[in-house]
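Presented below is the structure to which this report refers.
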Amino acid sequence: MNLWHFLQQNRTEVLQLTLEHLWLVGLSMVFAILVGIPLGILIARWPVLDKPILGSASVIQTIPSLALFGFLLPAPWFGERADRMAILALALYSLLPLIRNTYVGIRGVDPAVVEAARGMGMSDGQLLWQVQLPLSLGVIIAGIRVATVISVGLATIAAAIGAGGLGELIFRGLAMVSDSVILAGAIPAALLALVADFGLGRLEKWLRPR
Amino acid sequence: MANHREPAVEFRNVAYRPNGSSEILHDLNLIVDSGETLVLLGRSGSGKTTSLKLINNLLSPTAGEVIVQARSTQNWDVIRLRRQIGYVIQDIGLFPHFTVERNITLIPRLEGWSRTRIDARFQELMLLVGLDPHLTRRYPRELSGGQRQRVGVARALAADPPILLMDEPFGALDPITRADLQNEFAALQKRLRKTVVFVTHDVREALLLSDRIALMEGGRLIALCTPQEFLRSRDPLVAAYVKSIGTDLDDALGAKQ
Chain B
0 MNLWHFLQQN RTEVLQLTLE HLWLVGLSMV FAILVGIPLG ILIARWPVLD
50 KPILGSASVI QTIPSLALFG FLLPAPWFGE RADRMAILAL ALYSLLPLIR
100 NTYVGIRGVD PAVVEAARGM GMSDGQLLWQ VQLPLSLGVI IAGIRVATVI
150 SVGLATIAAA IGAGGLGELI FRGLAMVSDS VILAGAIPAA LLALVADFGL
200 GRLEKWLRPR
Chain F
0 MANHREPAVE FRNVAYRPNG SSEILHDLNL IVDSGETLVL LGRSGSGKTT
50 SLKLINNLLS PTAGEVIVQA RSTQNWDVIR LRRQIGYVIQ DIGLFPHFTV
100 ERNITLIPRL EGWSRTRIDA RFQELMLLVG LDPHLTRRYP RELSGGQRQR
150 VGVARALAAD PPILLMDEPF GALDPITRAD LQNEFAALQK RLRKTVVFVT
200 HDVREALLLS DRIALMEGGR LIALCTPQEF LRSRDPLVAA YVKSIGTDLD
250 DALGAKQ
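Residue numbers (numbering that gives the first Met the number 0), protein chains in the order written: chain B, 0 to 209; chain F, 0 to 256.
Set out below in structure tokens:
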């Protein structure tokens, strides 16, 4: 059975798994953004915290993904459902690029601009929201972009713990020794990554201060 | 001159030492009168910019105190203090993501002025600093150096602060634009009578713009005098500065009249 036939016969399933995949990646990115960007702001503000926080995020990244999915099995609440575990693991992996890019972006704002803002009597909050964040948005989006592309790939492994997504087809194809089935999972996953990369790349370019 | 007026800014035995390094400002005593233009003149590392930043509390003195409008900077709410003080720096620090209009009206917006009041003030400021109204929607990167500096001055004047701090505001401009802006600023200051503390290493600029010159060297104030006294001074250091600008002193002074 070739790839084209398989895709035609299993249209609904492939679509279903693609949506699951998007759901895993999308939701994990939302959580990673909600945690990672504030942490990046925090360490830009208090640089004494940068080593412990960036260090922890780096350590998480060094854990092999399959092992991380496994480690989360005994976790309360998360361990109950495979998709929860997968979302948590993907969010943890996405933290490092998000924290680092937020930090680098804020620190990279022209010191003259920051000094002028302070000297004019902007409060810390006004400085952050009106100057530092808008000016580092391009770099922050670049972090989101990297994290998203990595997550799309990693999410295929989530199928190993039964979380669904396009990894199902890849694992099934491996078991069946069928290239077509593997490709039916791998190609949509690669396309998702490319689309995310392109879309966020455009957004990043548009938001960078010229 | 003008010593009978109340001081706008006063340095009392002020020293400043950055964390973990040696003292860069030693026992500074200096009174800036209301409505005068005091130029802090000196070479790089003489402590003039440090002195300026002590006024709006971007730096805090490690000894002594800086009094602004009869209150120590340590007792001011730092935001309120800075809103009393316009600030113009050499790198201008215009917000690259704001239009000319938003840059200039930033402080009035933060202060919660009404839309009509902000608009009126904006028109007034554009006229005051000589900016063409068609620049309103431009971004800083689309302006020339001189235009950017005008925006910087307008922004500092926006909420009509009694005090203006200027740190080599015209330093990065070409000589002709610089001369234009210096002359316009001198004329502007004649009308506005702000208290201006102006940092420069350019002796000509100091002579042209100042009511008094405070000469700094190695973190100390070494001379404080009017431009006329400065030119006649027998002090060897002052004389060395005067010598550095050459022979056409009359031009420099003549432009002041």
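Every residue, glycine too, gets a C-beta built ideally from N, C-alpha and C.
1) Under 9 angstroms between beta-carbons, which chain F residues line up against residue 134/B? List them in chain order, please.
2) Less than 8 angstroms between the C-beta atoms of residue 212/F and residue 38/F, yes or no?
3) What residues of chain B sit near residue 90/F, judged by a beta carbon separation below 9 angstroms?
4) Please state the DSSP three-state secondary structure of residue 128/F.
5) Verify whether the separation of the beta carbon atoms of residue 65/F and residue 54/F is less than 8 angstroms.
6) For residue 72/B, I'd like the list of residues in its chain whose CB is within less than 8 angstroms of its CB, leaving aside the five on either flank, ordered along the chain.
7) Quick one, which residues of the segment 171 to 185 of chain F are near chain B if we go by CB-CB under 9 angstroms, in chain order?
8) When the Cβ atoms of the segment 75 to 93 of chain F are set against those of the segment 147 to 158 of chain F, are three or more pairs found closer than 8 angstroms?
9) Which whole runs of the beta strand (DSSP E) in the segment 40 to 96 of chain F are 3 residues long or more, in chain order?
10) Would you say residue 125/B reaches chain F, if we count a Cβ-Cβ gap shorter than 8 angstroms as a contact?
11) If the criterion is Cβ atoms closer than 8 angstroms, does the pair residue 59/F and residue 68/F meet it?
12) So the beta strand (DSSP E) residue 238/F belongs to, where does it begin and stop?
13) Cβ atoms of residue 86/B and residue 170/B: under 8 angstroms apart, would you say?
14) Quick check on residue 104/B - is its C-beta less than 8 angstroms from some C-beta in chain F?
15) Quick check on residue 122/B - is its C-beta less than 8 angstroms from some C-beta in chain F?
16) Just to confirm, is the Cβ distance from residue 4/B to residue 165/B under 8 angstroms?
17) Classify residue 117/B: buried if its beta carbon has 16 or more other beta carbons within 10 angstroms, exposed otherwise.
18) For the segment 95 to 124 of chain F, which residues have a beta carbon sitting closer than 8 angstroms to at least one beta carbon of chain B?
19) Assuming residue 56/F and residue 24/F make a contact with CB atoms under 8 angstroms, what is their CB distance in whole Å?
20) Applying the criterion that 16 or more other CB atoms from any shown protein chain within 10 Å of the CB defines a buried residue, is residue 175/B buried or exposed?
21) Distance, Cα to Cα, residue 1/F vs residue 228/F?
This is what the structure gives:
1) What you label residue 134/B is simply residue 135 of the first sequence in a count that begins at 1. Per Cβ cutoff of 9 angstroms: 94, 95, 96.
2) As a first step, residue 212/F must be located in the second sequence, where it is residue number 213. As a first step, residue 38/F must be located in the second sequence, where it is residue number 39. Yes, they are a contact pair.
3) On the second sequence, position 91 is the one that residue 90/F refers to. Chain B residues near residue 90/F: 109, 110, 111, 112, 114, 115.
4) Counting from 1 along the second sequence, the entry for residue 128/F is found at position 129. It is coil, neither helix nor strand.
5) For the purposes of this step, residue 65/F is identified with residue 66 of the second sequence, where counting begins at 1. For the purposes of this step, residue 54/F is identified with residue 55 of the second sequence, where counting begins at 1. The answer is yes: Cβ separation under 8 angstroms.
6) The residue you call residue 72/B lines up with position 73 of the first sequence. Here the set comprises 78, 84, 160.
7) none
8) yes
9) 62 to 67, 84 to 88
10) Residue mapping note: residue 125/B aligns to position 126 of the first sequence, counting from 1. Chain F, which has a Cβ nearer than 8 angstroms to the Cβ of residue 125/B, makes this yes.
11) Residue numbering aside, residue 59/F sits at position 60 when the second sequence is read from its first letter. Residue numbering aside, residue 68/F sits at position 69 when the second sequence is read from its first letter. Cβ distance not < 8 angstroms, so residue 59/F and residue 68/F don't count as in contact.
12) By one-based count along the second sequence, residue 238/F stands at place 239. Here residue 238/F belongs to no beta strand (DSSP E); instead the alpha helix (DSSP H) covers 235 to 243.
13) Numbered from its first residue, the first sequence carries residue 170/B at position 171. Numbered from its first residue, the first sequence carries residue 86/B at position 87. Not a contact, by the Cβ cut-off of 8 angstroms.
14) Working through the first sequence from its first residue, we reach residue 104/B at position 105. Taking Cβ atoms only, chain F never reaches closer than 8 angstroms to residue 104/B, which makes this a no.
15) Translated into the one-based positions of the first sequence, residue 122/B becomes position 123. Judged by the 8 angstroms Cβ criterion, residue 122/B is in contact with chain F.
16) Taking the first residue of the first sequence as position 1, residue 4/B is located at position 5. Taking the first residue of the first sequence as position 1, residue 165/B is located at position 166. No, they are not a contact pair.
17) To locate residue 117/B, count along the first sequence from 1; it is residue 118. Buried, because 16 or more other Cβ atoms sit within 10 Å of the Cβ of residue 117/B.
18) 95, 96, 105, 106, 109
19) Translated into the one-based positions of the second sequence, residue 56/F becomes position 57. Translated into the one-based positions of the second sequence, residue 24/F becomes position 25. Actually they are not in contact, since the Cβ atoms of residue 56/F and residue 24/F sit about 14 angstroms apart, beyond 8 angstroms.
20) In the first sequence, the residue the question calls residue 175/B occupies position 176. That one is exposed.
21) Position 2 of the second sequence holds residue 1/F. Position 229 of the second sequence holds residue 228/F. Below a pLDDT of 50, predicted positions are generally treated as unreliable, and residue 1/F, at 45, falls in that range; no measurement from the model is reported.
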